[in-house]
Structure formats: structure tokens, C-alpha cells
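One line per chain: the protein sequences are W and A, in this order. Residues 1 to 391, numbered by my numbering, are exactly what the first sequence covers, in order. Residues 1 to 391, numbered by my numbering, are exactly what the second sequence covers, in order. Read the structure below first, then the notes.
Protein chains: 2
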Amino acid sequence: MKNRIFILFAIVALSACVPASQLRGTGDLGLVVERASGSVMLIDTSTRASYATVSGLGDLSHATAVYSRDGRYAYVFGRDGGLTKVDMLRARIAARTVQAGNSIGGAISQDGRVIAVANYTPGGVRLFDSATLAPLADIPATYGDGTQRSKVVGIAEAPGERFIFSLYDAGEIWIADCADPRHPVITRFRGVGRQPYDGLITPDGRWYIAGLFGEDGLVLLDLWHPERGVRRILDHYGRGEQRLPVYKMPHLRGWAVAGRLAVLPAVGHHEVLIVDTETWNEAGRIAVHGQPVFAIAQPGGRRVWVNFAFPDNDTVQVIDLPSRSIVHTLKPGRAVLHMEFTPRGEQVWISSRDDNVVRVYDPASFREIAQLKADHPSGILLSARAFATGF
Amino acid sequence: MKNRIFILFAIVALSACVPASQLRGTGDLGLVVERASGSVMLIDTSTRASYATVSGLGDLSHATAVYSRDGRYAYVFGRDGGLTKVDMLRARIAARTVQAGNSIGGAISQDGRVIAVANYTPGGVRLFDSATLAPLADIPATYGDGTQRSKVVGIAEAPGERFIFSLYDAGEIWIADCADPRHPVITRFRGVGRQPYDGLITPDGRWYIAGLFGEDGLVLLDLWHPERGVRRILDHYGRGEQRLPVYKMPHLRGWAVAGRLAVLPAVGHHEVLIVDTETWNEAGRIAVHGQPVFAIAQPGGRRVWVNFAFPDNDTVQVIDLPSRSIVHTLKPGRAVLHMEFTPRGEQVWISSRDDNVVRVYDPASFREIAQLKADHPSGILLSARAFATGF
């Protein structure tokens, strides 16, 4: 009898129970996208090691991720329209939906309740409940006579439960106010320029900037004053009259801000551009090793790390912004696709797709402090993104 | 026999097991210091509720806390020299040491391995292993003939495994390089001014600023160029010739930075000071309701929230920095001691000591969205501090 009672108790207790090893903080977790195998490698920046791999996420080429406000769940946006919620503690898929045919990224709302996904096919943005991935609303990116739908790019979270994004085919920027996520309210900015191909929001959530594929220059929108409309800046920024061969369009999201200066990869040139964020004029250029793809600010704002397009994609350069000089050049491996700093800046993680390796460096000494095997790693996305505006 | 095997299995499994309710992300957790009862109330900003109280932390008047890099543990610095490591998931004390007679705060190193505590008695800084709280090193704040020890104030974490702090009695600023935390290397800046009473580091980790109790003005140190020594700024900042009655010295740590402008509480005046962080000159003043204590930047950098010393400590004012005007006045309760924003800025938590309540507001609408009972609440400290330089 006693045994039976104990057994009953044990069954009940065990069913409400998880292994103690899963009890951990989530602030030092992250994931590495393994694009070839449709999996994500879960990582811990305290041990500088991987602790699990989660598979079954579909086509992860160009995939990215955002995090729940508690840091427990990653929302991974696959290229095939798959939206996967990964439980970082239990190392398994918590929910998954294939919500479109072709998607390019997404964001999570300021309050953490809504996931927005930007889609190429069918063109538009879809909103989902972050707890269940249940659909909340569909925002078709219609333009022209209303039957055409534009590819959506450059989606970013903006303060006030808003998302902002650009319509590639329509040449428009839209703000979706999602305070009521079942009934988003759209503000349209028409005729902003030809083929916006990417967008970013500044870390303070004030400025949205879209790059143009179809013409030179960038488009700037002041979210403190949307009534003032868009403004063109850096009209010489872009592929220009020379129509240079561009091996890979740079990522604006890599945008590095250091004090009032920002650094942008110059399209098609072996240069990065320095931008004064008070005047939005160019404040100089720095020659670099190849065509830059990402220019990432090291926390602290003094240094900017740059990677490059093919054939220079085995190299990373480190720029000291005050002296506008290159202070270090690294060779982290073949096909360096991404770099991510820990939030206080004591580590930088760099993926080398063709060497199947992720390397971790101490940015102060440039010393390699860890090395992880990974299957064609691309994006490295840490849970600290949960705390940053824009993601 | 089967039963016995199951029982054995169950005992082993249960001992390696924790309740599933403890399995959670830590990014939305925080604590509220309950100064009268020596306890901390653990809070969850997703549910906007308290989920536990942990007692036995000693004298928590003027207490503060920092977080481990994974967000799981809070390190609470009590006034009585107690250093307590609180497990936010298991809601219990993980380790505790009474390491001095009288302490004023602390910080955690960039890599998360070292806790530094600033002490009044005996004056100095002590370093501890963040895992075990085992002592690593003692840095006595000696000055004069070497037998005197100064109170230590204004301790901050600085990039490069460093801590920076001020010596109240000695009029010095010290940088402790703790790359080898058993053998910290000290850099001393002597004669910086009379009685530095508090200090702060800017969010980018570049500038350390100490306020002076014994004379007017502030002391500025450029951590990118410590060889240039300290510089005096804002020489009119302070109690001044008039020797105004000061009901509570303002906290510099409340320092709000919005773009290139910073906001400081003016000592003894019903004003906040606007500082241009490129020139370090005053860029204006804004009249407010009382003697300001904290001036806290709302994430996004447009608005600054200010609370006040007695007898105006029932009031909070919200300043719109671009227009330099007060856009809202709140009355959150009697004796408002602290305010803390969630990292993306969609909530602000405000403690009212004498009404035994913590109120949560939506900063966009100023609407109260939650209310929590607490025992004489003071500091509100969220786990997002784990990701910010300086803490």
C-alpha cells in the first residue's frame, strides 16, 4: 500500500518535473543558423560551447531570429516561409507554422506579444501570437490598382507596438500600428524611391532608413515626426553611375553607431562610409579590404568590425573610428557570413560557412578563445536581442 | 520487485528534478528591494506581478543589485556589508557573505566572473568569485601616509575587466584592472577634487564622471585616454556659493543620455541641467517641481523621468527633451524612491516607500497598468542590467 502511494506520488511529481540541468538563466544563450541542414545550434556564451542542436526548421538560407522578452524562446524566420518557435531551455521546437511561400525576416513587438513576418510571396506582412503562433492579421502589401502585391523587406520593430517595413516593388514605406494586433492601422509613405531593398531602425528607435536598389541614396524617416514624411540622404550612396559589379548587397542592419557617427558599408566599393547622424551628411570614408557586407559596432562604440563579399569573404577588418584607421585584420575562415558581440562586448562570435566553424574572439586582444564545429553556419543570434529596440 | 525498481528510479529521477514552473526565461525578471524587512520581492515584467519574496538579506537601506551574465542570479549589496547571491529561479539565497562593516554598492566584471564591492568601513574594494562568493582580493583604499583608509563611492564596471571608483576622503579616482582578479592592478588619479560622493560611467563605457560634495563641479575621466588625466567640468554644478539646503544628494547613476545631450539633477535647485556630451558644457536648464534625485532616460532617448527629494517626493515629472518642456506630472504615492524601465521601454516601474506600493505605468499613455504591494519598496532592479555596461 505504502509502495503504491509512493508510486502514485512519484508519477505525479515526475510529470510536473524537468531535469535540473534545464534550470538555467537565458541571458547567455543564443543560436547559430546551420543553413544547409535546416537546424539551429544552441550556444552558451558562458561556457563558449554548444549545448544542443534543434532540427526540422526547413530552408534556413538567409534566416534570422528574434527572441521572446523573457529570452526563453527564439522565433526563427526561414526563407521558405517557415516560422519556428524554438524553446531554448528544452532544446526543441515549441511551435511551427509555414505561413507563406517565401519570407525574408521578422520582428517582435515592443510588448513581446506579436510576431511580424515580412514575406516576398505572397507579398505582405503577417502577424502572429507569440505564445501560440496563431495568426492574428494579414497585411497584404498591395499597390498600384490594388491587385498587385509587393515583396516586403527591411522590417523592424518600432516603439509603440509598431512595425515598419519597405515595399520593394511599390517603392513605399509602411508603418503598421499593432496596438490592436487583430486590426493593424497602416500609415503609407508613397514614392520613397525605386526598389528599397533593406531597412534598419537606429538603436534609439527614432530613425528608419531604407537602402535603394533601383537608384542611389537612402531614404530617411523620422519616427518622432512621421508627419514630416521621408527625406533622401547620401544621394551618392549606392551603385552609382558606374554600375559597379556588386557581389552581395550589404546589410544595412549591420549599421554601426558610435557616438554621433554611423558607419555604413559602401555599395560596390572597397570602402565604408561615415555618416554624421545629426546632419545625415557623409563625414568621410575609410578604405577597406573588399566590398563590405556587415559593419558591426563593438559595444563601446569605438571600433567597427567589417566583413566582405566574395572573393574577400575570408577576412574581417577592425576599424578604430576616432583615428579612422584599420587596427587589425583577421582571417576567421572561408565564407565569413556573420559576426555577433555579447552585449557587454567581451566576446565576438564569427561564422565561417565553408570551414564549418564558428570562432569566438576576445575583441580586446583579438585572441581566439573558442572554436565550435557547425554545419555551414551563417547567422549568429544571441538572446540579448530581446532587449534591443528594432528586432 | 518491479515496484522496488520503479521506486529506486523515481527517487533518483526526482532528486535530479525541479518543478516545471521553475523552468523559465530570466530576461523578464527583476527584484524590488524591501528595505525595512531585509527582503527582496522577485518580479516578472511579463505578468507584471511578484512571484516570490526572499528574506534574510540584512540591512537593505540604500541597497542595490547587479546580475550574472545569464540573468539567473542577482547580487544584492546591503548597507551592512552583506553581499547576497539570490537565485531568481529557485527564489532563494544561493550564497551570502558579510564582507565588510558598511558598504555602498558594487558591480560585476565584463566577463561576469568577478563581483566588486565598494566599502565605507573598512574603506576599500573587495573582489569575489561570482560563482561561490569566495574572496579573491582586497583593495584597501589607503591614502595620506598609508595608514588612513578612505570611504569608496561611485563604483562602476568598465570594459576590459576593470572597475572604477572614487575615494571620498582621499579625493582620488582609482581604476582597478582585474584581468587577474587575485592581483588587481591599480591606476590612481590623485587630487581630483574634494569629497567625490558618487560616480557614473556613460552607457558606452567611455566616460567616468564623479560628483563633488566638497566643492562645485564634476570630474571627468576619459577611459579611452586615461593618460590624459581628469578634467573638471560644469564648475557651477553643485551646492555653490549659496550653500543651499540639500535634502538629498542626487544620484548621478540616474544620468539620462539622449543623443548627444545628457540630463543631470541639479544639486539643491529645482532644475535639471542639460549637458552637451561632446563639449561637456552646459546646454541649458529645465525648471522642475522640486529638488531632483534621479533623472532617468526612457529608452528611445526622447523623454526623461525625474523624481524628487522631500518634501516633493510624491511626484514624478516627465520631460520631453527636444522641446525642453514637462509633458506630464504623476503622483505615484508617498516617498517615490526609484524608477526602472523595461529594456525596450514599454513599462516603467515606480516604488512608493511610504504607501508600500510599486506601480507600473505605460510610459506612452501614462496609464497605470499594474500595482503591487511591497514592504517599504526602494530600488527596482531588472535583470536586463546584466547586459548593460557599468553595472
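All C-beta atoms in this analysis are idealised placements derived from N, C-alpha and C, irrespective of residue type, glycine included. Because the structure is a prediction, the values reported are computed rather than measured.
For a quick check, are the C-beta atoms of Gly390 (chain A) and Gly124 (chain A) less than 8 Å apart? Translated into positions along the second sequence, residue 390 (chain A) becomes position 390. Translated into positions along the second sequence, residue 124 (chain A) becomes position 124. Contact flag unset, no.
Expressed to the nearest angstrom, what Euclidean distance is found between the alpha-carbon atoms of Gly71 (chain W) and Val117 (chain A)? Within the first sequence, numbered from 1, the residue matching residue 71 (chain W) stands at position 71. Within the second sequence, numbered from 1, the residue matching residue 117 (chain A) stands at position 117. Gly71 (chain W) and Val117 (chain A): Cα-Cα distance of roughly 28 Å.
List, in order along the chain, the chain W residues whose C-beta lies closer than 8 Å to that of Ser39 (chain A)? As a working note, residue 39 (chain A) is residue 39 in the second sequence. Neighbours of Ser39 (chain A) on chain W: none; closest Cβ ~22 Å, over 8 Å.
Determine the chain A residues that contact Glu34 (chain W) at a beta-carbon separation under 7 Å, and present them in chain order. Within the first sequence, numbered from 1, the residue matching residue 34 (chain W) stands at position 34. Those do not exist, as Glu34 (chain W) stays about 23 Å from chain A at its closest Cβ, beyond 7 Å.
Tell me the residue span of the beta strand (DSSP E) that contains Met88 (chain W). Locating residue 88 (chain W) in the first sequence gives position 88, counting from the first residue. Per DSSP, Met88 (chain W) belongs to no beta strand (DSSP E) and is neither H nor E.
Pop quiz: Leu321 (chain A) and Leu382 (chain A) are said to be a contact at Cβ under 8 Å. What is the actual Cβ separation, rounded to whole angstroms? Here residue 321 (chain A) refers to the residue found at position 321 of the second sequence. Here residue 382 (chain A) refers to the residue found at position 382 of the second sequence. With a Cβ gap of about 23 Å, Leu321 (chain A) and Leu382 (chain A) do not count as contacting.
Can you tell me where the beta strand (DSSP E) holding Pro292 (chain A) begins and where it ends? For the purposes of this step, residue 292 (chain A) is taken as the residue at position 292 of the second sequence. Pro292 (chain A) -> beta strand (DSSP E) spans Pro292 to Ala297.
Which parts of the region 263-319 of chain W are runs of the beta strand (DSSP E), unbroken and 3 residues or longer, counting only runs that do not cross its ends? 271-276, 281-287, 292-297 and 303-308
With a Cβ-Cβ cutoff of 8 Å, do Asn313 (chain W) and Val336 (chain W) count as a contact? Within the first sequence, numbered from 1, the residue matching residue 313 (chain W) stands at position 313. Within the first sequence, numbered from 1, the residue matching residue 336 (chain W) stands at position 336. Result yes, Cβ atoms of Asn313 (chain W) and Val336 (chain W) sit closer than 8 Å.
Return the residues of the region 258-286 of chain A that lie within a Cβ-Cβ distance of less than 7 Å from chain W, sorted by chain order. Arg260
Just the Cα atoms here: how many angstroms apart are Cys178 (chain W) and Val219 (chain W)? The residue given as residue 178 (chain W) occupies position 178 in the first sequence. The residue given as residue 219 (chain W) occupies position 219 in the first sequence. About 23 Å.
Three or more C-beta pairs below 8 Å linking the region 101-121 of chain A and the region 41-53 of chain A: no
CB contact check: Phe387 (chain A) to chain W, cutoff 8 Å: As a working mapping, residue 387 (chain A) is identified with position 387 in the second sequence. So yes, Phe387 (chain A) belongs to the interface.
Reference Gly333 (chain A); option with closest CA among A:Val358, A:Arg324 and A:Ser325: Along the second sequence, read from residue 1 onward, the residue named residue 333 (chain A) stands at position 333. Out of A:Val358, A:Arg324 and A:Ser325, A:Val358 has the C-alpha closest to the C-alpha of Gly333 (chain A).
Tell me, please, whether the region 339-354 of chain A touches the region 277-287 of chain A by the rule of three or more beta-carbon pairs shorter than 8 Å. no
Is the separation between the beta-carbon of Ser166 (chain W) and that of Ile173 (chain W) shorter than 8 Å? Here residue 166 (chain W) corresponds to residue number 166 of the first sequence, with the count starting at 1. Here residue 173 (chain W) corresponds to residue number 173 of the first sequence, with the count starting at 1. Yes. Within cutoff.
For the beta strand (DSSP E) holding Ala107 (chain W), just list the boundary residues, first then last. Numbered from its first residue, the first sequence carries residue 107 (chain W) at position 107. Start and end: Asn102 to Ile108.
Any Cβ of chain W within less than 8 Å of the Cβ of Arg344 (chain A)? As a working mapping, residue 344 (chain A) is identified with position 344 in the second sequence. True, the Cβ-Cβ gap to chain W drops below 8 Å.
Could you check what DSSP says for Asn356 (chain A) in three-state terms: helix, strand or coil? Here residue 356 (chain A) refers to the residue found at position 356 when the second sequence is read from its first residue. Secondary structure at Asn356 (chain A): coil, using DSSP grouped into helix, strand and coil.
Reducing DSSP to helix, strand and coil, say where Gln148 (chain W) ends up. For the purposes of this step, residue 148 (chain W) is taken as the residue at position 148 of the first sequence. DSSP places Gln148 (chain W) in strand when its eight states are reduced to three.
Please state whether DSSP places Gln22 (chain W) in a helix, a strand or coil. Numbered from 1 along the first sequence, position 22 holds the residue referred to as residue 22 (chain W). DSSP places Gln22 (chain W) in helix when its eight states are reduced to three.
By the 10 Å Cβ neighbour count, where 16 or more other Cβ atoms means buried, how is His269 (chain A) classified, buried or exposed? Counting from 1 along the second sequence, the entry for residue 269 (chain A) is found at position 269. Counting Cβ neighbours within 10 Å, His269 (chain A) comes out buried, since at least 16 surround it.
Identified DSSP bridge partners for Asp129 (chain A): For the purposes of this step, residue 129 (chain A) is taken as the residue at position 129 of the second sequence. Paired residues: A:Val114.
Listed by chain order, chain A residues near Asp111 (chain W) by CB distance under 7 Å: For the purposes of this step, residue 111 (chain W) is taken as residue 111 along the first sequence, with counting starting at 1. Result: Glu346.
Is the number of C-beta pairs between the region 102-110 of chain W and the region 152-162 of chain W that are closer than 8 Å three or more? The count of Cβ pairs closer than 8 Å, one atom from the region 102-110 of chain W and one from the region 152-162 of chain W, reaches three, so the stretches are in contact.
If you run the structure through DSSP and keep just helix, strand and coil, what is Arg194 (chain W)? As a position in the first sequence, residue 194 (chain W) is number 194, starting the count at 1. In the structure shown, Arg194 (chain W) sits in coil (DSSP, three-state: anything other than H, G, I, E or B).
Leaving out five residues before and five after Val152 (chain A) in sequence, what residues of the same chain have Cβ atoms less than 8 Å from its Cβ? The sequence position of residue 152 (chain A) within the second sequence is 152, counting from 1. Taken in chain order, the residues that qualify are Ile104, Ala118, Asn119, Tyr120, Gly123, Gly124, Val125, Ala141, Phe165, Ser166, Leu167 and Tyr168.
Just to confirm before moving on: does the CB-CB distance between Thr386 (chain W) and Gly27 (chain A) stay below 8 Å? Taking the first sequence and counting its residues from 1, one reaches residue 386 (chain W) at position 386. Taking the second sequence and counting its residues from 1, one reaches residue 27 (chain A) at position 27. With the sequence shown as reference, residue 386 (chain W) is identified as Ala, and Thr is not the correct amino acid for it. Their beta carbons are under 8 Å apart, which means Ala386 (chain W) touches Gly27 (chain A) by this criterion.
Expressed to the nearest angstrom, what Euclidean distance is found between the alpha-carbon atoms of Ala170 (chain A) and Gly58 (chain A)? In the second sequence, counting from the first residue as 1, residue 170 (chain A) sits at position 170. In the second sequence, counting from the first residue as 1, residue 58 (chain A) sits at position 58. Cα to Cα, the separation comes out at about 29 Å.
Among W:Glu215, W:Ile209, W:Tyr361 and W:Val33, nearest to Val230 (chain W) - alpha-carbon criterion: Sequence index remark: in the first sequence, residue 230 (chain W) carries index 230 (1-based). The option with the nearest alpha carbon to Val230 (chain W) is W:Ile209.
So, using beta-carbon positions, are Leu23 (chain W) and Val18 (chain A) closer together than 8 Å? Within the first sequence, numbered from 1, the residue matching residue 23 (chain W) stands at position 23. Within the second sequence, numbered from 1, the residue matching residue 18 (chain A) stands at position 18. Cβ distance < 8 Å, so Leu23 (chain W) and Val18 (chain A) count as in contact.
C-alpha distance - Val272 (chain W) paired with Arg324 (chain W), whole-angstrom precision: Along the first sequence, read from residue 1 onward, the residue named residue 272 (chain W) stands at position 272. Along the first sequence, read from residue 1 onward, the residue named residue 324 (chain W) stands at position 324. Roughly 10 Å between the two C-alpha positions.
According to DSSP, residues forming a beta bridge with Ser50 (chain W): To locate residue 50 (chain W), count along the first sequence from 1; it is residue 50. Answer is W:Ile43, bridged to Ser50 (chain W).
Let me know the secondary structure DSSP gives Ser61 (chain W) once reduced to three states. Sequence index remark: in the first sequence, residue 61 (chain W) carries index 61 (1-based). Coil at Ser61 (chain W), not helix or strand.
Going by the beta-carbon positions, is the gap between Val318 (chain W) and Val263 (chain W) smaller than 8 Å? Residue 318 (chain W) sits at position 318 when you count from the first residue of the first sequence. Residue 263 (chain W) sits at position 263 when you count from the first residue of the first sequence. Contact flag unset, no.
Tell whether a beta-carbon distance below 8 Å holds between Asp375 (chain W) and Ile369 (chain W). The residue you call residue 375 (chain W) lines up with position 375 of the first sequence. The residue you call residue 369 (chain W) lines up with position 369 of the first sequence. Their beta carbons are not under 8 Å apart, which means Asp375 (chain W) does not touch Ile369 (chain W) by this criterion.
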